[in-house]
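Each residue of the sequence shown is one higher than the one before, counting from 6 in the working numbering. A short worksheet on the structure shown next.
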Amino acid sequence: MNRILVIYGAFGRRRLERSFKDWSRAVIYENDARVPESIRRQAAAVISPEATYPGETVARLNQQLEDLLDAFLDDPAPMPGLETGRVFRSACMSMEGMRIVMPWLRALEEARRVVASGPFSGMIISPGCGLCVPAWEQVALSLGIPVRVLDLDASEPPLPWMLRRRIQRWHHMRGRKPPKSRAFKLPEFQPGDELMCVDGRVEVILGEAGAAAGWKRAPAFTPAEDEALKPLQEGYLGWWKQWWLRWQQAHAAEGPLSPHHALKRLGEWSAREVYPRSHLALQQAREHLKRLKPGRILVGTMHGKVELMWVVAARELGIEVGAYTLDDAIYPRLCFQPDFLFFDDQRQQVFAIERGIPENRMVPVRTHRLPAAAPRTPGVCRRPLVVIADTSYHGVNASPSPIISFWALEVVVEAARLLPGWDFAFKFHPIKERPKPLFNFDGCHHPHIYERERHFRSLRPPANVRVTAPEERFSDFMGVADVVLHIYSYAAIEAMAASIPAVLLATRNDDPNVAWRCMRDAGVLPVAADAAELVQTLRTLHEDGTQRKQVIEAQKRFLKVFHRPEGTTLAEATLAQWPSQALS
């Protein structure tokens, strides 16, 4: 009997479970949700992805992503009147573009393991978080089998659940002051000035000291009008068709599971949504720089932001470019390379060196992002509290997989059963942007939270473990938590700053990401790979005061090295340590 390959995503599972009858023929791949036990017992096989990939797999996929995007930036089909060169398109390369490609690579990686359970006579796909439908359609085409893609479930999450969430959100947000808007602005740049800050995020960090040092604000770009965008969109889409045609001709010999098919989706999106707006912004940047003639510009390293059009224009005009590492690490091969780099943590330093930035063009500055240490709340006969910082799957990273939160819930619930004298709080990730098909429904929004809650209830958890609302602030737990569990997240840094032991919850501890390498090298990334290891780790930290103290002290030493809490500010460094003619 030929089998049916079922790609089980959370957001179409109800349609799938209603429409599919003969589960004995089904080989089910769990993408981002667990298959119900009643179906699991009937299925021919259930295949689960690894919650965290081996380090060598992560490194290979990361390199594959980089090589693929590097090839994407080549321009075999230039078109007069359009900006299609590598420098321009590199400055347009964003995290969103990486979110399109990496899930495609992950799907092909998983498919090579899944197809061994065949042969298959067909494929059914239920959409889900991080589930790249076009990649699985490519797999079906390579197997010569028909594929059916289900629609999203209607009314999901259910209305009663959404009403409860509204009340829950109101309860946690009432009385909370709205975040302060970006109030500080540098003086506007005038002809004759020397130093131009072209990034509003960096402008705030420069602050009053930056203004005193002579930094001025760049003119704002005029928003693009539809009548200007439409002909550019048509032009770029036509250019992309030529690019893709030439690419296919040059790579005709590649196999049916070639990852290069991901570039078609990336190119169409870039040509329609990214390049036209950046084209117009670049024209404005050129005009402003020719008129104002700054000696230097300063920008942040956020990938693909429109502010990078200032960098492209400055390169053309021979103006020096300095960059300050914001959240994104410097990526010269894919994004841009500054003349001088200011960095404020060890991770950014290692990234830059490994990616070819000369050390004599790098300057450390005092960090602006070290979390404040939360005051501890004394507890009288208080039960130990473990706080778990949930994560969200974003397609930029090869690991962890979209199933990671479900696996983590299972481990925590089992640990709670083994430690009835402890309390566990599973802190859901904050709500972010709505899931989009283009980005494979990644991120964290109400549908993601609903599926995690549903899985949590299916585990029949004991009374000493609970899940918390996404609106509850992680920082509010820092005064009472005894241990923090994180899933490769910044929550580890927050816990360390609050003098709380931070433990990685993952199936392995060999992710090659620079931040985790730095923590491993410093001995501050203990890992719990299952419930038994977690229970043993928690007991040791609770019962062995000397061990707990050593962990906290090691974390504090690490933070002083990793986050640079002292030293010169960005404003001071741009004057004192950015030499004239950085390229000389």
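C-beta: ideal position from N, C-alpha, C; glycine also.
Span of the beta strand (DSSP E), counted from its first residue to its last, around residue i
i, result
"residue 291", "Taken as a continuous stretch (DSSP letters only), residue 291 belongs to no beta strand (DSSP E), being part of the alpha helix (DSSP H) at 280-297."
"residue 220", "220-222"
"residue 390", "390-394"
"residue 356", "Unbroken run through residue 356 is the alpha helix (DSSP H), 351-359; no beta strand (DSSP E)."
"residue 369", "367-369"
"residue 471", "470-473"
Per DSSP, cross-strand counterpart(s) of residue i
i, result
"residue 316", "DSSP output for residue 316 lists no bridge partner at all."
"residue 579", "According to DSSP, which records beta bridges pairwise, residue 579 is partnered with nothing at all."
"residue 305", "329"
"residue 493", "According to DSSP, which records beta bridges pairwise, residue 493 is partnered with nothing at all."
"residue 33", "11 and 51"
"residue 200", "220 and 301"
"residue 348", "369"
"residue 574", "In DSSP, residue 574 forms no bridge with anything."
"residue 22", "In DSSP, residue 22 forms no bridge with anything."
"residue 398", "448"
"residue 488", "391"
"residue 193", "222"
Whole-angstrom C-beta distance between residue j and residue i, which should lie under 8 Å
i, j, result
"residue 446", "residue 66", "Contact flag wrong, Cβ pair sits at about 20 Å."
"residue 562", "residue 350", "No, residue 562 and residue 350 are not in contact; Cβ-Cβ is about 15 Å, not under 8 Å."
"residue 8", "residue 93", "About 48 Å; that fails the 8 Å criterion."
"residue 107", "residue 401", "6 Å"
"residue 515", "residue 59", "7 Å"
"residue 191", "residue 217", "Incorrect: roughly 10 Å between the Cβ atoms, too far for contact."
"residue 97", "residue 280", "6 Å"
"residue 523", "residue 352", "6 Å"
"residue 206", "residue 331", "6 Å"
"residue 17", "residue 155", "4 Å"
"residue 328", "residue 305", "7 Å"
"residue 14", "residue 131", "4 Å"
"residue 303", "residue 129", "Going by Cβ atoms, the distance from residue 303 to residue 129 rounds to 52 Å, so no, they are not a contact pair."
"residue 475", "residue 435", "5 Å"
"residue 287", "residue 88", "6 Å"
"residue 505", "residue 483", "7 Å"
"residue 161", "residue 452", "6 Å"
N-terminal and C-terminal residue of the alpha helix (DSSP H) that residue i is part of
i, result
"residue 435", "Run containing residue 435: none; DSSP gives neither H nor E here."
"residue 9", "Note, residue 9: premise wrong, no alpha helix (DSSP H); beta strand (DSSP E) at 8-13."
"residue 452", "451-463"
"residue 482", "479-482"
"residue 271", "267-274"
"residue 165", "164-178"
"residue 387", "It is not in any alpha helix (DSSP H) - residue 387 carries neither H nor E in the DSSP assignment."
"residue 242", "231-255"
Closer than 7 Å: residue i CB and nearest the ligand GDP heavy atom
i, result
"residue 90", "Within the structure as shown, the ligand GDP is missing, as the structure has no ligands at all."
Can we say the stretch 421-428 touches the stretch 469-486, given the rule of at least three CB pairs closer than 8 Å?
Judged by Cβ distances under 8 Å, the stretch 421-428 makes contact with the stretch 469-486, as three or more pairs qualify.
Tell me whether the stretch 222-229 and the stretch 335-352 touch, counting them as touching only if at least three CB pairs, one residue from each stretch, are closer than 8 Å.
no
List in chain order: all unbroken beta strand (DSSP E) runs of 3+ residues lying wholly within the stretch 65-112.
none
To test your reading of the DSSP string, which unbroken alpha helix (DSSP H) runs of 4 or more residues are found completely within the stretch 402-431?
409-423
Inside the stretch 491-559 only - beta strand (DSSP E) runs reaching at least 3 residues
Qualifying beta strand (DSSP E) stretches, in chain order: 507-510.
The stretch 197-214 in contact with the stretch 320-333 per 3-pair CB rule at 8 Å:
yes
Hey, is the stretch 440-458 in contact with the stretch 486-506, meaning 3+ C-beta pairs nearer than 8 Å?
Look at the beta carbons and you see the stretch 440-458 not touching the stretch 486-506: under three pairs across the two are nearer than 8 Å.
Is the stretch 144-162 in contact with the stretch 114-128, if contact means three or more CB pairs nearer than 8 Å?
Short answer: they touch.
Pick out the complete alpha helix (DSSP H) segments inside the stretch 105-160, 4 residues or longer, and give them in chain order.
138-148
Per the contact definition of three or more C-beta pairs closer than 8 Å, is the stretch 66-75 in contact with the stretch 95-107?
yes
Count the C-beta pairs between the stretch 569-580 and the stretch 358-377 that are closer than 8 Å, then say yes if the count reaches three, no if not.
The stretch 569-580, when compared against the stretch 358-377, does touch it at the 8 Å Cβ threshold.
Could you tell me whether the stretch 524-542 touches the stretch 404-418, where touching means 3 or more Cβ pairs closer than 8 Å?
These segments touch.
Below 8 Å, can you find three or more Cβ-Cβ pairs linking the stretch 488-502 to the stretch 387-406?
yes
Decide if the stretch 257-270 is in contact with the stretch 302-315; the criterion is three or more beta carbon pairs, one per stretch, under 8 Å apart.
no
Counting pairs of Cβ atoms below 8 Å between the stretch 33-41 and the stretch 50-58, do you hit three or more?
yes
Contact between the stretch 525-534 and the stretch 77-93 is defined here as three or more beta-carbon pairs at a separation below 8 Å; is this criterion met?
no
Taking one C-beta from the stretch 82-89 and one from the stretch 242-259 each time, how about it: are there three or more such pairs within less than 8 Å?
yes
Touch test, the stretch 227-238 against the stretch 248-263, Cβ-Cβ under 8 Å, three pairs minimum:
no
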